[in-house]
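S.K.:
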Amino acid sequence: MDNRQLKNPAITSFRKPALTASQNSVDLKVGTKKLPPRKPNINNTQYQDTSVERLLREVTNDKFWNHPEEADLQCVPGLFESVEEYVRVFEPLLFEECRAQLYSNWEELTEITSRDVHIMVRVKSVERRERGWYDVVVLPAQDCKWMFKEGDVAILSSPKPGTVRYKKSNNTGASEDDLESEVTGRVAGTVRRHIPTDTRDPLGATLHFFVGDIYDSNSNIDEDHILRKFQVKSTWYLTVLGSLATTQREYIALHAFRRLNLQMQNAILKPSPEHFPKYEEQPPAMPECFTPNFTEHLHRTFNGPQLAAIQWAAMHTAAGTSSTVMNKRQDPWPFTLVQGPPGTGKTHTVWGMLNVIHLVQYQHYYNALLKKLAPESYKQNENNSESVSTGTGSIDEVLQSMDQNLFRTLPKLCPKPRMLVCAPSNAATDELLSRVLDRGFIDGEMKVYRPDVARVGVDSQTRAAQAVSVERRTEQLLVKGRDEIVAWMHQLKIRESQHSQQIAALQRELTIAAAAGRSQGSVGVDPEVLVARDHNRDTLLQNLAAVVEARDKVLVEMSRLLILESKFRAGSNFNLEEARANLEASFANEAEIVFTTVSSSGRKLFSRLTHGFDMVVIDEAAQASEVAILPPLSLGAARCVLVGDPQQLPATVISKAAGTLLYSRSLFERFQQAGCPTMLLSVQYRMHPQIRDFPSRYFYQGRLTDSESVSNLADEIYYKDPLLRPYAFYDITHGRESHRGGSVSYQNIHEAQFAVRLYEQLQKTLKSTGANKVTVGIITPYKLQLKCLQREFEEVLNSDEGKGIYINTVDAFQGQERDVIIMSCVRASNHGVGFVADIRRMNVALTRAKRALWVVGNANALMQSDDWAALIADAKARNCFTDMDSVPKEMLILRGSNYSPLHGKVSNMRGLRAAGSRRRNLDMPPEPKSGTLSEEDDALLSRNGSYRNTKGATDNWWMIWNQRVKDLEIRGNMMSPRGRMVMGF
1 MDNRQLKNPA ITSFRKPALT ASQNSVDLKV GTKKLPPRKP NINNTQYQDT SVERLLREVT
61 NDKFWNHPEE ADLQCVPGLF ESVEEYVRVF EPLLFEECRA QLYSNWEELT EITSRDVHIM
121 VRVKSVERRE RGWYDVVVLP AQDCKWMFKE GDVAILSSPK PGTVRYKKSN NTGASEDDLE
181 SEVTGRVAGT VRRHIPTDTR DPLGATLHFF VGDIYDSNSN IDEDHILRKF QVKSTWYLTV
241 LGSLATTQRE YIALHAFRRL NLQMQNAILK PSPEHFPKYE EQPPAMPECF TPNFTEHLHR
301 TFNGPQLAAI QWAAMHTAAG TSSTVMNKRQ DPWPFTLVQG PPGTGKTHTV WGMLNVIHLV
361 QYQHYYNALL KKLAPESYKQ NENNSESVST GTGSIDEVLQ SMDQNLFRTL PKLCPKPRML
421 VCAPSNAATD ELLSRVLDRG FIDGEMKVYR PDVARVGVDS QTRAAQAVSV ERRTEQLLVK
481 GRDEIVAWMH QLKIRESQHS QQIAALQREL TIAAAAGRSQ GSVGVDPEVL VARDHNRDTL
541 LQNLAAVVEA RDKVLVEMSR LLILESKFRA GSNFNLEEAR ANLEASFANE AEIVFTTVSS
601 SGRKLFSRLT HGFDMVVIDE AAQASEVAIL PPLSLGAARC VLVGDPQQLP ATVISKAAGT
661 LLYSRSLFER FQQAGCPTML LSVQYRMHPQ IRDFPSRYFY QGRLTDSESV SNLADEIYYK
721 DPLLRPYAFY DITHGRESHR GGSVSYQNIH EAQFAVRLYE QLQKTLKSTG ANKVTVGIIT
781 PYKLQLKCLQ REFEEVLNSD EGKGIYINTV DAFQGQERDV IIMSCVRASN HGVGFVADIR
841 RMNVALTRAK RALWVVGNAN ALMQSDDWAA LIADAKARNC FTDMDSVPKE MLILRGSNYS
901 PLHGKVSNMR GLRAAGSRRR NLDMPPEPKS GTLSEEDDAL LSRNGSYRNT KGATDNWWMI
961 WNQRVKDLEI RGNMMSPRGR MVMGF
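This is the structure in structure tokens:
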């Protein structure tokens, strides 16, 4: 979360008089030590770009603790005039979001007092580096295990985060006047391991942090400056916050924007209606390479909208190589947008799309390969379309070309097409990969084949993904012994020899065919004979290409083993990390389709590939911010398919400032707002028609229709109960919202208990009728209500029937479904409905159910939102609204609960947004933040959803905090560690 408040001069101000470097502090070597010379950047790859240092500086400097200035950030526009404007707008937002994410981690960790989280260290030395950077070397003060990765962001602070000291340590009831701040300071930087020269010293850590260029040239460092705090052997606490890897990849891709494919670059900067595809027109014809059987298979496997999306994507792939309308455009639109509402078979469609694109790509590839092997003969065919003959010397020309090309590896002769498939999450990526691995693809002859695929990303957990993981396959190679490698190399040499013999045999066949062609000639020869001759030539060439491809794979395997052999060779200077990187790249390079997350597509591995990708398919594209999808787009693709649904929850953004300025908006959504049409998958296979009705009309212009499988389902047995209809809104007017302490998350115990009663009524009906069990999901927008629901359902969850229940927040439920969904809306006051009003969160909540959706809420409270007012009016009009008079009295009696809520709000500083720079507040526990409104925004929203003007609120900060302390004392609560920490500051 993002709680920065006014700067604390006790920590960050630069007071005078200044101390000299000779006074009682660690020797900073300022002014006496010559700066190291600037090293030339001999490696010009994007991953060694020195501008990454700027990212580190912007993220970890003093801005980390403060709100950004309003002038520093700009709202993301719909169009950009230049690449420079694009970078200028997104870069500050990227910095701010990264700082907010790391600070949110810091807030969470200050609640934890474990010694493994906040490691006690002692300063060994401080050394100045160039351009305003410093290194402080620390050694552990007690036994510990360093858990950080090189380059992680960490905080070095004193005292221990979450603690504060008192003047009177034995007085537990100390007043505010008795509190004394013992804070020495805190600084953020990147951490790496420090290996001491003295083997008797423990392994240490080095924090690399930025203080400013002015300290490079003089020794006038103020008394309160952090550099004066780092005295030798002084005690500090090292808290690791997390990695900058994802932000760094996005930052590099943002600055590499100019190197994107030119058409893609122009489309992103200025999406122009004149280039948008005309989806309303008749879908393009099937590619010529598709057989009638394969075309029939597509019609059988996919519904109309799904097939149209697949056809447009296939035509998009063929753009520039076919005679379609797209090829006639000078500047074709490089993106295909496919919108997949809930339950419309989006993943199934993407699988079919990958199959078709792969077929089209490889048909073009083999055609191009044949032209490479016999360029003159194919040129004759193109120049004279009426001629069926390629000439008597066509196979002779092939043989002559083979002398130059055959024994080059095919990727050099004609690079194979490659496709990159991404999604924001590992789960979504692995789901697509599993479809391809389980089902395979169907070729033109209706045979199942399995393309070469690779999974990049160490976080993949599924067994199927691990089988093709480049990291896992690399580790399996690295653990092999010398004897095993030698034996394997021997087998590979035998296979390579066999392939070479097959290649020689095919060459002889081509020679014989050439001789026959010369003896027959072409003049006066039956055209059918000439066609058969050309067909025989093409068949031989295709067989030859297949064998050469198999030989190439053997050669690649041999090259991997040569890398491993060097490990056992004396004096080879084997480098394990370099070997690992090369092996991983070789597996990814060999694959026809690479699966990874949008973030992992920015890994260094991809810079080692011999060539990039022709096509990128990004699933769940509406859940990724625009900057997040730049890494996969920067890998050379000329075409991209974006699949997602902007009507569901967007990218997660922690910074309120960045979220307000549209940083969370996806490229998919920006294109859609610019007028770019989308292919809508409109046939849904999930929801009962009564559940589908309102979301279809309200979110999708009434375009969703039911599949036959949904329409023909018989009614459930429990529908006979008036309380258990397919769709119902239960108006719980007696429910009361509440929250605990300083939390802005809400709960409503009455709604939670009514949800239990509904569930019990369902189970009672199922058991009495002998019906099959159903899966049940209990969802709510608020985390506090989630905990309340878990308590109320505790008895059920611990029973056998509880195995079919899943309780979680709406956000966590996106992408999932259950037979029955019970939703608790929570809000029940006249002070607005907060982030419950977000229309995309509302859509997600209403579209998770398959057979029954029961919404539990307070109608009067929810009707403060226009969208919820529309839902309630619709429920009444369709006779799906149930008031309390229609509910049995025993379902409304509040059961005894072991949980006592605190009614009414407590003064808190969470989310105050006054103008100017603000110190981040450590008082409140963090909550998740999405690109839409999140729980902490409830404190900032008036009824119309706009941000309140809170300027001046911090003027009374201490008065509010003092009242908060008194409130806590009245309730007999101890101050939280975070509260004590704030008081110490």
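Quick note, the sequence shown lines up with residues 1 to 985 if you use UniProt numbering.
C-beta: ideal position from N, C-alpha, C; glycine also.
1) Can you pull the DSSP bridge partners for VAL453?
2) Does the Cβ of ASP201 have 16 or more other Cβ atoms within 10 Å, making it buried, or fewer, making it exposed?
3) Thinking just about the alpha-carbon of each residue, which of VAL776, ALA752, LEU241, ARG192 is nearest to the one in GLN763?
4) Are the beta-carbon atoms of PHE276 and CYS676 separated by less than 7 Å?
5) Given that a residue counts as buried once 16 or more other Cβ atoms are within 10 Å of its Cβ, and exposed if not, what is ARG518?
6) Give the C-beta separation of SER601 and LEU635 to the nearest angstrom, bearing in mind that I take them to be a contact with Cβ-Cβ under 8 Å.
7) Using a threshold of 7 Å, state whether the C-beta atoms of GLU590 and VAL470 are closer than that.
8) Does the distance from the C-beta atom of ASN858 to that of ILE778 stay below 7 Å?
9) If you reduce the DSSP assignment to three classes, tell me which class ILE643 lands in.
10) Identify the continuous alpha helix (DSSP H) that holds THR765 and give its terminal residues.
11) Near ASN748, which residues of its chain fall below 7 Å by C-beta distance, leaving aside the five closest residues on each side in sequence?
12) Got a sec? Which residues, its chain only, sit under 7 Å from ILE805 by beta carbon, not counting five neighbours each side?
13) Give the single residue among GLU445, ALA464, MET419 whose Cα lies nearest to the Cα of GLU431.
14) Using the Cα positions of ASP800 and LYS773, report the straight-line distance between them to the nearest angstrom.
15) Which of the three DSSP states, helix, strand or coil, is assigned to GLU274?
16) What did DSSP end up calling ARG692 once you bin it into helix, strand or coil?
17) Hey, PHE209 and VAL191: beta-carbon distance below 7 Å or not?
18) Considering Cα atoms alone, identify which of ARG537, PRO92, GLN761, LEU892 is closest to residue 987.
19) Of all the beta strand (DSSP E) runs that stay within the bounds of the segment 108–142, which reach a length of 3 or more residues?
20) Are VAL556 and VAL421 touching if we call contact CB-CB under 7 Å?
21) If you drop the 5 nearest sequence neighbours on each side, which residues of the same chain put their C-beta closer than 8 Å to that of VAL52?
22) With DSSP collapsed to three states, give me the class of VAL525.
23) Let's test the definition: count the other Cβ atoms within 10 Å of the Cβ of ASN355 and tell me whether it reaches 16, buried, or not, exposed.
24) With PHE668 and ALA621 assumed to form a contact (beta carbons below 8 Å), what rounded beta-carbon distance in angstroms separates them?
25) Measure the Cβ-Cβ separation of residue 1046 and ALA752 and say whether it is below 7 Å.
26) I think ARG719 touches ILE822, with their Cβ atoms under 8 Å apart; what is that distance to the nearest whole Å?
27) When you compare only the Cα positions, how much space is there between ARG435 and PRO292?
28) In three-state DSSP terms, what is ARG827?
29) Name, in chain order, the residues that DSSP records as bridge partners for ILE778.
30) Candidates TRP333, GLY644, TRP312: which alpha carbon is nearest LYS346's?
31) Looking only at its chain, what residues have a beta carbon closer than 6 Å to the beta carbon of ASN105, apart from the 5 residues adjacent to it on each side?
32) Would you check if the segment 333–345 and the segment 680–698 touch, i.e. whether three or more CB-CB distances between them fall below 8 Å?
33) Which residue or residues does DSSP assign as beta-bridge partners of SER738?
34) For a test of the three-state rule: what should DSSP assign to GLY571, helix, strand or coil?
35) Please report the straight-line C-alpha distance between PHE671 and PRO271, rounded to a whole angstrom.
36) Any heavy atom of the ligand GDP closer than 6 Å to the Cβ of LYS656?
M.R.: Checking against the coordinates, here is how it stands:
1) DSSP lists ILE593 as partners of VAL453.
2) Of the other Cβ atoms in all chains shown, fewer than 16 fall within 10 Å of the Cβ of ASP201; this residue is therefore exposed.
3) The candidate whose alpha carbon is nearest that of GLN763 is VAL776.
4) Yes, Cβ-Cβ distance for PHE276 and CYS676 is below 7 Å.
5) With a 10 Å radius around the Cβ and a threshold of 16 neighbouring Cβ atoms, ARG518 comes out exposed.
6) Sure, about 7 Å apart at Cβ, within 8 Å.
7) No. Outside cutoff.
8) Cβ atoms of ASN858 and ILE778: not closer than 7 Å.
9) The residue you asked about is not Ile; residue 643 is Val in the sequence shown. Three-state result, VAL643: strand.
10) Residues 749–769.
11) Result list for ASN748: GLY735, ARG736, GLU737, GLN785, SER824, VAL826, ALA828, in chain order.
12) Answer for ILE805: VAL776, ILE778, PHE793, VAL796, LEU797, listed in chain order.
13) Residue ALA464 is the option with its Cα nearest to GLU431.
14) Cα-Cα distance, rounded: 12 Å.
15) In this structure, GLU274 counts as helix in the three-state DSSP scheme.
16) Judged by DSSP in its simplified three-state form, ARG692 adopts helix.
17) With respect to the 7 Å criterion, PHE209 and VAL191 are not classified as neighbours on the basis of their beta carbons.
18) It is not possible to answer for residue 987, since the shown part of the chain is limited to 1 through 985.
19) Those beta strand (DSSP E) runs which fall completely within the segment 108–142 and span 3+ residues are 118–128, 133–140.
20) No; because the gap between Cβ atoms is not below 7 Å, this pair is not in contact.
21) Within the same chain, and ignoring the five residues on either side of VAL52 in sequence, the residues whose Cβ sits closer than 8 Å to its Cβ are GLN248, TYR251, ILE252.
22) VAL525 sits in coil when the DSSP states are folded into three classes, being neither helix nor strand.
23) It is buried - the Cβ of ASN355 has at least 16 other Cβ atoms within 10 Å.
24) The C-beta distance from PHE668 to ALA621 rounds to 5 Å, short enough to fall under 8 Å.
25) Lying before the first or after the last residue shown, residue 1046 is absent from the chain, which here runs from 1 to 985.
26) Arg is not the amino acid found at residue 719; the sequence shown has Tyr there. Their Cβ separation, rounded to whole angstroms, is 16 Å, which puts TYR719 and ILE822 out of contact at 8 Å.
27) Each residue's Cα considered, the two are about 24 Å apart.
28) Residue state, collapsed to three classes: coil.
29) DSSP lists ILE807, ILE822 as the beta-bridge partner residues of ILE778.
30) Answer by Cα proximity: GLY644.
31) Taken in chain order, the residues that qualify are LEU241, GLY242.
32) Cβ pair count under 8 Å is three or more, so yes.
33) In the DSSP output, where bridge partners are listed per residue, SER738 has GLN747.
34) In this structure, GLY571 counts as coil in the three-state DSSP scheme.
35) Rounded to whole angstroms, PHE671 and PRO271 show a C-alpha spacing of 7 Å.
36) Inclusion of the ligand GDP in the displayed structure is not the case, the ligand content being empty and no account of it being possible.
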